[in-house]
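Structure first, commentary second.
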Amino acid sequence: MVKQLPEFRIVIPARYASERLPGKPLRLIHGKTMIEWVFRAAQQADASEGAPQSIVGFLLAVRDCLLAQEEPADKDLLEDLAKRAGLELDQLAAARFKQRLRQLIQRLHSEYHQDRRQAAALLGEIGAKAGLASPDLIGLLKKDENNHVRVKCAFALGQLRTEDACEPLLEVVVAASNKQLTIAAAKALAKLAPRGTQRVLSGLKTALGRAIKANDHLARSDTFRGGVAHALVAYTDGPKKLAALLLDWESREDYVRILSGLITDKNAVLEALCTFLDAEDLEKRLHVVEVLGLLAWPSMTQAWATAFENDRAEVRRASLKCLKDASGSMVPKEVVLRIWRDENETEEIRGLARNVLATADWFSLDLTKTEKEWMRKVEDHNRWLEDPPGGD
């Protein structure tokens, strides 16, 4: 530990036998020897408040040299130099950080991949304050020959949260050349949301769609698909757009299964989905029913009630077919009972309604004697289907 002294002394190294410049201390500079210039400057070095700027600059230069060392300099020595130069401690801390950042950026260009990897990881730990390193990290993400380095760069870019990283990260996700790298890039993109562009959203949808359809090991990995889906959900702003996202793919079963587990505000998305049940296009309405049938969320009762009360018979029929094998807790029993009793409905739809009720807790309903008999017959029939006579 360096002790604060009431006085200080200056030692001037004056090696006459310098190999690079022999006789250096006695060389003339503007009519005076170099050692004389140094001696006269040292005479003024009182290190007190208001000391000459040249001395302050000298002290700060010494401090900068210590900061530039590979090994960390003594903290007390740095603070003593800063204090003598009249530098506040918060300014010293800022200078330390700036120097550390420069060193880490330099290490990103080391010939050793271990150094590049560690530097990228440390920059990621620093986070948004290391934004100055973003161009260098993006360059390594694109071109580094070592995938471990590229993974750390993707992680760091997610922590730095710079918008410029969106497109390069998307390129990595779409290319899907390496599992760890692609997942790291997808997670980083999720952290950057919603800073990206519409192109990022479209690219993520393309990447997830390709992953669902592909047969290769990487694309079919749930971790890989989940990473891309997580980024996609993060970039999709609001329940209405999330509902549209669930409807927006042909391979709907896998697509909905992956996305639905990542959506947090499920009730809001269900409400948004039900608004599409009023679409002019019948196919769009039927797509909504299909998606509702694939979701395994709690509190689905109101959504199904909306579907059952739709003004299109095709939608009511499709909804009842979807729900006949579902959990009884999802069934809006009062609505289904009204459909069963509605003589204006077709016999097919009324029969479907009766079968759906049989899967629910119909004992709590105020049924007539005839309706109760129907329920028991349906239950008996269902039990027979599950375990037919003569079955093993």
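First residue of the sequence shown? That's 508 in our numbering, and the numbers climb one at a time after it.
Even glycine gets a Cβ: it sits at the ideal position worked out from N, Cα and C.
Give the DSSP bridge partners of residue i, in chain order.
i, result
"K539", "I536"
Is DSSP giving residue i helix, strand or coil here?
i, result
"R527", "coil"
"R668", "coil"
"M807", "coil"
"G557", "Here the model assigns G557 a pLDDT of 49, short of 50, so the residue's position is not dependable, and the following value carries that caveat. Correct three-state label for G557: coil."
"A786", "coil"
"T875", "coil"
"S684", "coil"
"N653", "coil"
"S641", "helix"
"I633", "helix"
Can you have a look at residue i and say buried or exposed, based on whether 16 or more other CB atoms are within 10 angstroms of its CB?
i, result
"I690", "buried"
"W544", "exposed"
"L528", "exposed"
"R883", "exposed"
"K650", "exposed"
"N851", "exposed"
"D899", "At D899 the pLDDT is 49, less than 50, meaning the model places this residue with poor confidence and gives no usable figure here."
"I517", "exposed"
"A900", "Any question about residue 900 goes unanswered here, given that the chain covers just 508 to 899."
"A661", "buried"
"I536", "exposed"
"K694", "buried"
"D634", "Per the sequence presented here, residue 634 reads as Gly, with Asp not at that position. By the neighbour-count rule (16 or more Cβ atoms within 10 Å), G634 is not buried but exposed."
"G734", "buried"
Nearest-angstrom Cα distance between residue i and residue j?
i, j, result
"L780", "V795", "7 Å"
"N774", "E797", "17 Å"
"V842", "E816", "8 Å"
"A524", "E670", "56 Å"
"T540", "L647", "50 Å"
"M837", "T875", "23 Å"
"E632", "R607", "13 Å"
Between the options, which lies nearest to residue i when the distance is taken from Cα to Cα?
i, options, result
"R624", "G646, M541 and V656", "V656"
"G800", "L830, D785 and T813", "L830"
"K659", "T713, H620, E787 and K636", "H620"
"N653", "E678, L639 and E618", "E618"
"W811", "L789, E790 and T782", "T782"
"Q613", "A601, S641 and E632", "S641"
"L827", "M807, R607 and R861", "R861"
"Q705", "L629, L677 and W847", "L677"
"W804", "L784, S767 and V885", "S767"
"K686", "L696, R732 and L644", "R732"
"L493", "S871, R845 and L872", "Because the chain is modelled from 508 through 899, residue 493 falls outside the range shown and cannot be assessed."
"T866", "E855, L784 and K840", "K840"
"V776", "V707, L639, A751 and C673", "A751"
"A628", "T813, Q666, R764 and A600", "Q666"
At the 9 Å Cβ level, is residue i part of the contact set with chain C, yes or no?
i, result
"Q809", "Of the protein chains in this structure there is only one, and it is not chain C."
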